[in-house]
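Residue numbers (my numbering): 563 to 1005.
Laid out in structure tokens, this is it:
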């Protein structure tokens, strides 16, 4: 059973700082600008042998008739609804504002949850004697902490565990024990191509905020997907722009989060906007995934706007992309509409097929039996009157496919011949959507 602790409060009270401290890494963006966090961000932590999930939320505001603020509030309320404990954060340096009072009233009247009032930014002992009367918010007890340096968080976590242990009946039955072993599929791409819409369509609910404003998603957001016999972690990521077009620090941090997400993903789902086609930034993201040796699927989104116009358009589009991404063009290309859910049912099975291919290990005798005759009939070009021969090959034991070929003069083998060898491996063995590495060494 998974227990959930959510962190709520108005903007800039330190929710993301506390979240990062509890989960033990900088997963949520922290910035002096208020309103940076928008969607719910999930993480897992452990204290005194008890594991539980922590949820960071956007800042609660009083403003009305603002679509983005309304969506952020909706995400906050969903987090509260699914939580076992709510940490209501306030700022001791600013004191109590009307927003804090309204939030407290909503928590007390609307939700029958265990709520702990957490007074943050007590970075100095003198703040503990601040004259602000936090009892007026209507909670029996509160906890002084400093999220930035960690003081007081131990006492807070002791209380959280004390409350959770009253509800724990079977400590062994913890969903988070299995989360570590689930494959991670990250949705990456430029801003506003439909990444969050795709996640919402998979889950059949508005789990992430979706607007027409590019850059709505700012953090990398993990969700569990279980359906049709498949189970994985789906990660929604911020859109990646060209460096020259990044105009604010928050967007820079978002791009860094996406790059980090690619590094720990198993498969990357690269989304393309059919309206804009394949652009240089799409190529940059593709090469970044390839450089990190991750499996990849190219997803052409918003295809519902085009597929009825011309039967050959899809083939031409696909052919153009494969020419652009050569030599690594043995990649699944799927045409979908994330909004209408057309074609999205093929994505997860295809990702699992790539995951299987990524783990494919070839027996040395079979590899040599197939590859050596090909290389003998098509040897590397001679250089400096030296006849280059490849005598033996094997696959290295590693998490991603790596092959080593032993030759008498490996230093003279050119990159073009390496691509030839890779193409032959892909032709005879199933490594679709998987980057492979080839090395030539002295026999």
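For glycine and all other residues, C-beta sits at the position ideal for the given N, C-alpha and C.
Check, Outcome
"Whole-angstrom C-beta distance between residue 978 and residue 951, which should lie under 8 Å", "Contact flag wrong, Cβ pair sits at about 18 Å."
"Continuous alpha helix (DSSP H) assignments of at least 4 residues falling wholly in the segment 942-996", "977-990"
"Identified DSSP bridge partners for residue 715", "DSSP lists no partner for residue 715."
"Ordered list of alpha helix (DSSP H) runs contained in the segment 650-691, each at least 4 residues", "660-672"
"Rounded separation between residue 659 and residue 584 - CA only", "26 Å"
"First and last residue of the uninterrupted beta strand (DSSP E) at residue 613", "612-618"
"For residue 828 and residue 906, believed in contact at Cβ under 8 Å, the rounded distance", "Rounded, the Cβ-Cβ distance is 19 Å, inconsistent with contact."
"Residue 708 (DSSP reduced to helix, strand or coil)", "coil"
"Contact under 9 Å by Cβ, residue 910 with residue 789", "yes"
"Touch test, the segment 570-585 against the segment 610-626, Cβ-Cβ under 8 Å, three pairs minimum", "yes"
"Residue 891 CB to nearest heavy atom of the ligand SAM below 8 Å", "Only the bare structure without any ligand can be found here, which leaves the ligand SAM out of the picture."
"Other residues of its chain near residue 731: CB distance less than 6 Å, five sequence neighbours each side excluded", "Confidence is the limiting factor: at residue 731 the pLDDT is only 48, short of 50, which leaves the residue's position unreliable, though a coordinate-based value still follows. Counting only Cβ-Cβ distances below 6 Å, and skipping sequence neighbours, we find nothing."
"Per DSSP, cross-strand counterpart(s) of residue 863", "835"
"Exposure of residue 698, with buried meaning 16 or more beta-carbon neighbours within 10 Å", "exposed"
"Reduced DSSP category for residue 847 - H, G, I as helix; E, B as strand; rest coil", "helix"
"Own chain partners of residue 678 with C-beta closer than 6 Å, once the 5 adjacent residues on each side are dropped", "649"
"Identity of the residue in 797, 840, 841 nearest residue 822 by Cα", "797"
"Residue 750 and residue 832 closer than 9 Å at C-beta", "yes"
"Per DSSP, cross-strand counterpart(s) of residue 923", "Note: residue 923 sits in no beta bridge, so no partner."
"Unbroken alpha helix (DSSP H) run spanning residue 1003, endpoints", "Where residue 1003 is concerned, there is no enclosing alpha helix (DSSP H), although the beta strand (DSSP E) it sits in stretches over 999-1004."
"Other residues of its chain near residue 930: CB distance less than 7 Å, five sequence neighbours each side excluded", "954, 955"
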